[in-house]
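Undergrad: Chains as they are written, first to last, in my numbering: chain A, 85 to 299; chain B, 803 to 1038.
We put the beta carbon where it would ideally sit given N, CA and C, even for glycine.
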């Protein structure tokens, strides 16, 4: 059995030229001829170092991107297997956070597509279009969520998926906008625009919730 | 209720959804089994990925952990409510079991959960309002640990069915849990999930009846208000 993860990352830094990297992972470690060779002058972090540094990040991103609690461990493991396999192809170690997020994003997207296929829902759109039901907490999760997190979860569901993703990355994961733009593969200006809109929608949803007297 | 604001919600969200210490440890163990010990050595740049190493899909928990698997995540969630409780994990008491990935060998649950007020694991007889402590700690612990993975499997399946829009299927699954584990560790969660399933189907009368039973069995349960909110039923 082979593990195959395809994703394209557009690296955009302040509107400079884009560099596309296609990373193909196969179980037999076959290299993709299009993989950009790593800058040999830049030290490569060890996998263990990456794991220690990014486990929290991967775990929380996976959860916030709608993977339910009973699947998060498997998805996180899948992410780190990919990270391990492809770490030596990392072109810019300084962009490790964005790169790791890209792996998370792709792995979670695959997970959601499979879940939709299992439940007979319409085939999933490319990542970013999954609907708010992906964020629905389970009864078990609701049992242990604080009121604040439950409300946060509900308000995030009011945002469309693309704005929600940027909002989560910026406000909850506290990533920089250049990192966010790189990780998602959008121009920096687009990232800023989505964040502005997301903040407005979030605040509007909060206001509506308050006015409905549920607070 | 303390005053909420968008900023307060965001601050709360930043510390939510983090893995616990036991989650980290078990993930490390699981990755070690998958990737080999050399991959996880500190300073090892890469570590060889054995060509024959299995490539886990989303059942890696079950494959690697003898079938108890990721389905037991719910058990960790039930017994580790600190994950998303009002107190941060660092400030709250140590959980009974904080692992998402189950132990290779089941750990007996102490009779008295050690987490805070949102503890959900109650090996209680529903007819006793205050979820009594088990009289035989070791036997209850053994029983709970033996059946908990199966309980989690059933309740998790029910919740997935509920949120996939298959409330009828969820009720059937919850019925199976009730038949097999009438007084199980997840009885409270089962009852709450049943209320929500009934509401989803528009069976309000049945839902109210079950809500009353839930309130009688677990009067201080945090599930009560949530089930009421889910169903839009006012507090009696």
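(1) Ordered along the chain, which non-local residues of its own chain (more than five positions away) have a Cβ less than 8 Å from that of residue 291 of chain A?
(2) Taking only beta-carbon positions, decide if residue 841 of chain B is within less than 8 Å of chain A.
(3) Contact defined as beta carbons within less than 8 Å: I believe residue 252 of chain A pairs with residue 147 of chain A. What is the distance between those atoms, to the nearest angstrom?
(4) Please report the Cβ distance between residue 969 of chain B and residue 1003 of chain B, rounded to the nearest whole angstrom; I am assuming they are in contact, meaning their Cβ atoms lie under 8 Å.
(5) Answer with yes or no whether the minimum CB distance from residue 821 of chain B to chain A is below 8 Å.
(6) For residue 995 of chain B, which residues of its own chain have a beta-carbon under 8 Å away from its beta-carbon, when the five flanking residues on both sides are left out?
(7) Measure how close the beta-carbons of residue 261 of chain A and residue 275 of chain A come, nearest whole angstrom, since I'm counting them as under 8 Å.
(8) Of the residues B/966, B/1001, B/967, B/988, which one's Cα is nearest the Cα of residue 952 of chain B?
(9) Does any CB atom of chain B fall closer than 8 Å to the CB of residue 173 of chain A?
(10) Under three-state DSSP, which class holds residue 1019 of chain B?
(11) Compare the C-alpha of residue 1098 of chain B against each of B/985, B/967, B/981, B/1018 and name the closest.
(12) Let me confirm a value: residue 248 of chain A is counted as buried when at least 16 other C-beta atoms fall within 10 Å, else exposed. Which label applies?
(13) Below 9 Å on C-beta distance, what does residue 263 of chain A contact in chain B?
(14) If we define contact as Cβ-Cβ less than 8 Å, is residue 154 of chain A a contact residue for chain B?
(15) Going by the CB atoms, is the gap between residue 132 of chain A and residue 843 of chain B shorter than 8 Å?
(16) Which residues, in order along the region 996-1018 of chain B, keep a beta-carbon less than 8 Å from a beta-carbon of chain A?
(17) Is it true that the CB of residue 138 of chain A sits closer than 8 Å to the CB of residue 184 of chain A?
(18) Return the chain-ordered list of same chain residues with a C-beta closer than 7 Å to the C-beta of residue 256 of chain A, the five sequence neighbours on each side being excluded.
(19) In angstroms, rounded to a whole number, what distance separates the CA positions of residue 1030 of chain B and residue 1013 of chain B?
(20) Please list the partners that residue 1035 of chain B has in chain A, where partner means a Cβ-to-Cβ separation under 9 Å.
(21) Please classify residue 821 of chain B: is it buried, with 16 or more other beta-carbons within 10 angstroms of its beta-carbon, or exposed?
(22) When you compare only the Cα positions, how much space is there between residue 294 of chain A and residue 231 of chain A?
(23) Find the residues of chain B that neighbour residue 148 of chain A, judging by a C-beta separation of less than 9 Å, and give them in chain order.
(24) Give the interface partners of residue 139 of chain A over in chain B, defined as CB-CB distance under 8 Å, in chain order.
(25) Should residue 142 of chain A and residue 192 of chain A be called a contact, given that it needs their Cβ atoms to be closer than 8 Å?
TA: Reading from the atomic positions:
(1) On the first chain, residue 291 of chain A is found 207 positions in, with the first residue counted as 1. Correct list: empty, nothing qualifies.
(2) By one-based count along the second chain, residue 841 of chain B stands at place 39. Output row for residue 841 of chain B: interface = yes.
(3) Reading the first chain from its first residue, position 168 is the one you call residue 252 of chain A. Reading the first chain from its first residue, position 63 is the one you call residue 147 of chain A. Residue 252 of chain A to residue 147 of chain A, Cβ: 10 Å. No contact.
(4) Taking the second chain and counting its residues from 1, one reaches residue 969 of chain B at position 167. Taking the second chain and counting its residues from 1, one reaches residue 1003 of chain B at position 201. Right, the Cβ-Cβ distance comes to about 5 Å (below 8 Å), so this counts as a contact.
(5) The residue labelled residue 821 of chain B in the question sits at position 19 within the second chain. Interface residue, yes.
(6) The residue you call residue 995 of chain B lines up with position 193 of the second chain. Closer than 8 Å at Cβ, skipping near neighbours: 957, 960, 961, 964, 972, 976.
(7) As a first step, residue 261 of chain A is located in the first chain; it is residue number 177 there, counting from the start. As a first step, residue 275 of chain A is located in the first chain; it is residue number 191 there, counting from the start. Right, their Cβ atoms sit about 5 Å apart.
(8) As a position in the second chain, residue 952 of chain B is number 150, starting the count at 1. Looking at the Cα atoms, B/988 is the closest of the given residues.
(9) Counted from its first residue, the first chain places residue 173 of chain A at position 89. Chain B contact via Cβ: absent.
(10) Counted from its first residue, the second chain places residue 1019 of chain B at position 217. Correct three-state label for residue 1019 of chain B: helix.
(11) The displayed coordinates of chain B run from 803 to 1038. Any statement about residue 1098 of chain B would go beyond what the structure contains.
(12) Along the first chain, one-based indexing puts residue 248 of chain A at 164. With 16 or more other Cβ atoms within 10 Å, it is buried.
(13) For the purposes of this step, residue 263 of chain A is taken as residue 179 along the first chain, with counting starting at 1. Going along chain B, no residue has its Cβ under 9 Å from residue 263 of chain A, so there is no contact; the nearest lies around 16 Å.
(14) The residue you call residue 154 of chain A lines up with position 70 of the first chain. Cβ-Cβ to chain B under 8 Å: yes for residue 154 of chain A.
(15) The sequence position of residue 843 of chain B within the second chain is 41, counting from 1. The sequence position of residue 132 of chain A within the first chain is 48, counting from 1. It is a contact, given that the beta carbons lie within the stated cut-off.
(16) 998
(17) Residue numbering aside, residue 184 of chain A sits at position 100 when the first chain is read from its first letter. Residue numbering aside, residue 138 of chain A sits at position 54 when the first chain is read from its first letter. Cβ distance < 8 Å, so residue 184 of chain A and residue 138 of chain A count as in contact.
(18) Within the first chain, residue 256 of chain A is the residue found at index 172, counting from 1. Closer than 7 Å at Cβ, skipping near neighbours: 148.
(19) On the second chain, position 228 is the one that residue 1030 of chain B refers to. On the second chain, position 211 is the one that residue 1013 of chain B refers to. Going by the C-alpha atoms only, they are around 8 Å apart.
(20) Here residue 1035 of chain B is taken as the residue at index 233 of the second chain, counted from 1. Under the 9 Å cutoff, chain A gives no residues; its nearest Cβ is about 14 Å from residue 1035 of chain B.
(21) One-based indexing of the second chain puts residue 821 of chain B at position 19. Answer is buried; the Cβ neighbour count reaches 16.
(22) Numbered from its first residue, the first chain carries residue 294 of chain A at position 210. Numbered from its first residue, the first chain carries residue 231 of chain A at position 147. Those two C-alpha atoms are separated by around 14 Å.
(23) Counted from its first residue, the first chain places residue 148 of chain A at position 64. Near residue 148 of chain A (Cβ distances below 9 Å), the residues of chain B are 815, 818, 819.
(24) To locate residue 139 of chain A, count along the first chain from 1; it is residue 55. Simply 821, 826, 829.
(25) As a first step, residue 142 of chain A is located in the first chain; it is residue number 58 there, counting from the start. As a first step, residue 192 of chain A is located in the first chain; it is residue number 108 there, counting from the start. It is not a contact, given that the beta carbons lie outside the stated cut-off.
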